[in-house]
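I have placed the structure first, in the form of structure tokens, so that the comments after it can refer back to it.
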Amino acid sequence: MPLGRTQATALGYADLPIAVVAHPFASHSRDKLRKLADECTASVLKLIREAQPAAESVTKAAARIATIDVEDDADAVNRLFRERRWTDGFPVVAPTRERVQRMLRCTPRDARDVVAVIPPGFGPATVELIAINAVMAGCEPEYMPVLIAAVEAAADPKFNLQAIQATTNSAGVWLIVNGPVAKRLGMNAGINCLGNGNWANATLGRALRLALQNAGGALPGDMDQATQGQPGKYSFCCAENEDASPWEPLHVERGYTAVQSTVTVVGASGTLNMNMHSKDDELLRSIADTMAHPSSNDYWFGGAPWIILSPEHADVLKSLGLRKEDVRRELWERSKMPANRFSARERVRIQSVRRDELGEIALDSLIPISPKVEGIGIIVAGGPGTHSVYVPSFGAKNAVTREVIWAG
Amino acid sequence: MPAMISILDPTAVPASGQQQTRRTLDSLQGKVVGFIDNAKTNFNHLVDDMAMVLEKQYGVKSVIKHRKRAATLAVADDVLKDMARQCDVIITGSGD
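Line by line, the protein sequences give chains A and B. The first sequence begins at 7 in the working numbering and counts up one residue at a time. The second sequence begins at 3 in the working numbering and counts up one residue at a time.
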């Protein structure tokens, strides 16, 4: 109900009749469904007959950010934030006017500029709102241009943020940073780059998540219906290890120059460690076999999964004479799964979504993880070691890259 | 009296789009009803059963059904326009 009502209001249908059906009904028998259909139809009829024509009203103009007076005490501040569900579950830095102003001085954009409208509530993420959430997360002011670019990228229709914000899937937003800004901000692209300990990685990922939550309105248990979620929904951010990569970095691959800085957002369902000691073609087979699992959203939608190659694994592949696009092609081919590895229900879902792309699917049809080779993303990150990471994606989305624009 | 500070609200003012006007209906007799099936498990059966009830018990003239390819994929604009043109009422599902 909250999702339906919030979105209906945002689209100008505040009084849209909504019937609530007892949930879940996915496992109901046909007899039980027929009974439910009778009840549901009666509810719908009642709503249609009782609904009043919408009254004229004026679109609300974007309001100024509200201020709240609170005791100057960290415990009191965090009590307030917990009660109002403005935080991610961790304590925050109090977003005072002074702290927010310091953030705003690091962007040339006006505080009231709307960077993006964030689903599912379609709340406007203004520059000021982003700054407030950046303060809460503990960001340094110089992180603002990166964060603004990240919010813009996440709101791009190609990213399908609506789906991530309100899904039962575990998906969160993984933020990859490329170009000179990564070193300028002291980001971690090496040892433990996806883990704890680096201020920029931790607070940028956190600020992005807070901004999307607080602008979009999707709170866990309300509009965010993730069955379990994942730790990456607290913060999931790293830089690419461009120095250690034998290939061109992600942003150059995507058409930017090496001296430009970019952010890329990925709808990531989690991470899976791949510990592989092969020094030959078997490395590719191991990665491809890891990608191929029958519970994957990527196969269902024709997705966009990612591989984070350790520098060592990247060097092995390079030594085999492979460019990044060769690795991508090999993985795309080798990760194709026969349809009989999926359950009957998943085959029905795959057929429904990918019929135009794949035609009729037989039990021995080979299902590619992505419609095209280019759908597989690859970066090099991490420190020494034989561990790379598989990042399955949410599936129904594409990673989006945006340039980071500096003030001067 | 403890010292106080002012902090800024981190949430967005919820959007409220310009209110759209709607027609109301006294009955569904002779009307065309549309369903947008969000492709979640069993919704298609619920739609089929509701369609039967609407036609047999409430005199609905016809039912048009559109099943999305997947819950997370939006309905194409041309499909929406076509359904809006043909239907007096459209019922759609949200959630699981």
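Using N, Cα and C, we set each Cβ at its ideal position, and we do this for glycine too. Since the structure is predicted, the reported quantities are computational estimates derived from the model, not experimental observations.
Across the structure, TRP92/A and ARG71/B are spaced so that their CA atoms are roughly 35 Å apart. Chain B has no Cβ within less than 7 Å of the Cβ of PRO398/A.
At least one beta carbon of chain B lies nearer than 7 Å to the beta carbon of GLY129/A. With the rule of 3 Cβ pairs closer than 8 Å, the stretch 161-176 of chain A counts as touching the stretch 273-287 of chain A.
VAL406/A is a Cβ neighbour of ASP162/A, given a cutoff of 7 Å. MET280/A: member of the beta strand (DSSP E) spanning 278-281, first to last residue.
For ARG355/A, the CB contacts under 6 Å within the same chain, skipping 5 residues up- and downstream, are TRP306 in chain order.
For ASN184/A, the beta-bridge partners assigned by DSSP are THR268/A. Per DSSP, the unbroken alpha helix (DSSP H) holding VAL157/A starts and ends at 150-160. DSSP places GLY238/A within a helical segment (H, G or I) once states are collapsed to three. Within the same chain, and ignoring the five residues on either side of VAL322/A in sequence, the residues whose Cβ sits closer than 7 Å to its Cβ are LYS285 and LEU289. Secondary structure note for GLU409/A: its beta strand (DSSP E) is the uninterrupted segment 406-409.
Considering only ARG118/A, ARG340/A and ASP230/A, the residue with the shortest C-alpha distance to LEU9/A is ASP230/A. Distance check between TRP205/A and each of ALA14/A, GLN266/A, VAL141/A and LEU22/A places VAL141/A closest, using alpha-carbon atoms only. Rounded to whole angstroms, ILE66/B and HIS47/B show a C-alpha spacing of 14 Å. Counting only Cβ-Cβ distances below 8 Å, ILE66/B has no contacts in chain A at all, with the closest Cβ about 16 Å away.
Cβ neighbours of LEU56/B within its own chain (closer than 8 Å, five residues either side excluded): LEU30, VAL35, VAL62 and VAL65.
When DSSP assignments are scanned along the stretch 252-339 of chain A, the uninterrupted stretches of beta strand (DSSP E) that are 3 or more residues long and fall wholly within it turn out to be 268-274, 278-281 and 312-315.
Selection THR102/A, GLY383/A and GLY327/A evaluated against GLY144/A yields THR102/A as nearest (Cα-Cα). PRO125/A and LEU75/B have their C-alpha atoms some 14 Å from each other. Remark: C-beta atoms of ASN194/A and ASN202/A do not approach each other more closely than 7 Å. Chain-ordered, the chain B residues with CB closer than 8 Å to the CB of MET142/A read PRO12. Nearest neighbour of ALA402/A by Cα position, chosen from LYS324/A, LEU181/A and GLY308/A, turns out to be GLY308/A.
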